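What follows is a set of notes on a single structure, which appears directly below.
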Amino acid sequence: MYKNINITQISKSKINLLDLNRKKLKIFLMSLGAKSFSTQQIMHWMYNHYCDDFNKMLNISIKIRSKLYEQSIIFASKFIEERISFDGTIKWITSINDQKIETVYIPEKKRATLCVSSQIGCPLKCHFCATGQNNFQRNLKVSEIIAQIWQANKILKKKNIKNRITNIVFMGMGEPLLNLNNVVTAIQIILDEYGFGLSKRRITLSTSGIVPALDKLKHMIDVCLAISLHAPNDYIRNLIMPINKKYNINCVLNSAKKYLQYSHANRNGITIEYVMLDNINDSNNNAEELANLLKNIPSKINLIPWNSFLGSSFICSNMNRINIFANILRNKGFIVIIRKNRGQDINAACGQLTGKIVKYD
Numbered sequence: 004m005y006k007n008i009n010i011t012q013i014s015k016s017k018i019n020l021l022d023l024n025r026k027k028l029k030i031f032l033m034s035l036g037a038k039s040f041s042t043q044q045i046m047h048w049m050y051n052h053y054c055d056d057f058n059k060m061l062n063i064s065i066k067i068r069s070k071l072y073e074q075s076i077i078f079a080s081k082f083i084e085e086r087i088s089f090d091g092t093i094k095w096i097t098s099i100n101d102q103k104i105e106t107v108y109i110p111e112k113k114r115a116t117l118c119v120s121s122q123i124g125c126p127l128k129c130h131f132c133a134t135g136q137n138n139f140q141r142n143l144k145v146s147e148i149i150a151q152i153w154q155a156n157k158i159l160k161k162k163n164i165k166n167r168i169t170n171i172v173f174m175g176m177g178e179p180l181l182n183l184n185n186v187v188t189a190i191q192i193i194l195d196e197y198g199f200g201l202s203k204r205r206i207t208l209s210t211s212g213i214v215p216a217l218d219k220l221k222h223m224i225d226v227c228l229a230i231s232l233h234a235p236n237d238y239i240r241n242l243i244m245p246i247n248k249k250y251n252i253n254c255v256l257n258s259a260k261k262y263l264q265y266s267h268a269n270r271n272g273i274t275i276e277y278v279m280l281d282n283i284n285d286s287n288n289n290a291e292e293l294a295n296l297l298k299n300i301p302s303k304i305n306l307i308p309w310n311s312f313l314g315s316s317f318i319c320s321n322m323n324r325i326n327i328f329a330n331i332l333r334n335k336g337f338i339v340i341i342r343k344n345r346g347q348d349i350n351a352a353c354g355q356l357t358g359k360i361v362k363y364d
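FYI, in the numbering used here the residues of the sequence shown are 4 to 364.
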């Protein structure tokens, strides 16, 4: 168990350096009288050594360290709860002023993915998603997004787990594009060689399709794009995803196509996420519709067996139906992946994150 530090303990007048990308950190440090190369040195301390104590940064002058201590902090919210699934998936919960954030670590043979949250709750209220059934509270700060990666890396290192984080997906709680600026700044830190140093092809941003933000994103950052589509037509999508009434399928896919024109990260096209719901979006005709919808969009399709949660009346399509659906799409030339359910026993699977601490038997 990890100690819960209340954010109110931190002076609001101090700048949290985990909120700053390299450019902003450089401006701040130079305002203190530091040399420009101090930026890389301090980032190395923060993101390679997970150091939050300026006194330990011995290659930084005492004078600058003193100013840093007076005007700034390095604060990464700690995990207060950890749950480990039988399949190796780990779910961590952060608590900030009694608001809960969930982060999920998914190890595989040749890679390990960290699923991070960008909001507390989600305002989109997709009917098949547990996160959307909880009240939306707020956007996460850059430092609160970064802290999830920072603390996860520290814990994996401490536990001597060899399968370190290779991929990061913005598929946790919230809609990333409704927190556009903070998410982009966090990604800049993740990409930075003096930050976490990941390749843009190892970062995936998943969105339900906030079209104005997606149109801006192509000029801001280049990462792998996933579209939470979940329906082959507007009628079905309107029923299960209220956001479709504002940004319909054609608007979303047209915006995604424009993003592809600017992107080098999406070599094999975008990922289309499609949750499989029994007798709602899983018929043979639905598969044919989906194939026709995507025929001119470079994409791979990720079919997601629906994960149940308390109070929902949906039923997951059975595996025979999912395989038939997948084969129709494959016969049309699409790359189709059926997602493996991970962490269901600890409510860490896709669509199950609620930010609530649950006691498990």
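All residues carry an ideal CB built from backbone N, CA and C; glycine is no exception. No experiment lies behind these values; they were computed from the predicted model shown.
Per DSSP, the unbroken beta strand (DSSP E) holding I109 starts and ends at 102-110.
For A229, the uninterrupted beta strand (DSSP E) segment begins and ends at 227-231. For S209, the enclosing beta strand (DSSP E) begins and ends at 206-210. For I213, there is no enclosing beta strand (DSSP E), since its DSSP letter is neither H nor E.
In the structure shown, R270 adopts coil according to DSSP, grouped into three states. If you ignore the 5 residues before and after N326, its C-beta comes within less than 8 angstroms of the C-beta of I341, all in its own chain and listed in chain order. Apart from the 5 residues on each side of it in sequence, V339 sits with its Cβ closer than 6 angstroms to the Cβ of I304, A329, L332, R333 in its chain, given in chain order. The beta carbon of N138 sits closer than 7 angstroms to the beta carbons of G124 from its chain, once the five residues preceding and following it are set aside; these are given in chain order. According to DSSP, residue pairing for L280 in a beta bridge involves C319. R25: member of the alpha helix (DSSP H) spanning 25-34, first to last residue. Here V339 carries a strand assignment [DSSP, helix/strand/coil]. Between the beta-carbon of R270 and that of T92 there is about 28 angstroms, and that puts the pair past the 8 angstroms contact cut.
The segment 168-187 makes contact with the segment 127-147; the number of CB pairs closer than 8 angstroms reaches 3 or more.
DSSP links V172 through a beta bridge to C118, T207. Each residue's CA atom was taken as its position, placing H233 and S320 some 13 angstroms apart.
A133 and C227 have their C-alpha atoms roughly 25 angstroms apart. Taken in chain order, the complete alpha helix (DSSP H) segments of 4 or more residues contained in the segment 133-161 are 145-161. Taken through DSSP and simplified to helix, strand or coil, N326 comes out as helix.
Rounded to the nearest whole angstrom, the CA to CA distance from I307 to Y250 is 22 angstroms. Within 10 angstroms of the beta-carbon of K112 lie fewer than 16 other beta-carbons, which makes it exposed.
Taking C-beta atoms as the reference points, L21 and F31 fail to come closer than 9 angstroms. Sequence-distant partners of S258 (beyond 5 residues in either direction) whose C-beta falls short of 6 angstroms from its own C-beta, in its chain, are V214, L217, D218. By the beta-carbon neighbour count (other beta carbons within 10 angstroms, threshold 16), E178 is buried. Annotation for E85: the continuous beta strand (DSSP E) segment containing it runs 82-87. Apart from the 5 residues on each side of it in sequence, S41 sits with its Cβ closer than 7 angstroms to the Cβ of L32, I63, I67 in its chain, given in chain order. Beta-bridge partners assigned by DSSP to I96: E84, E105.
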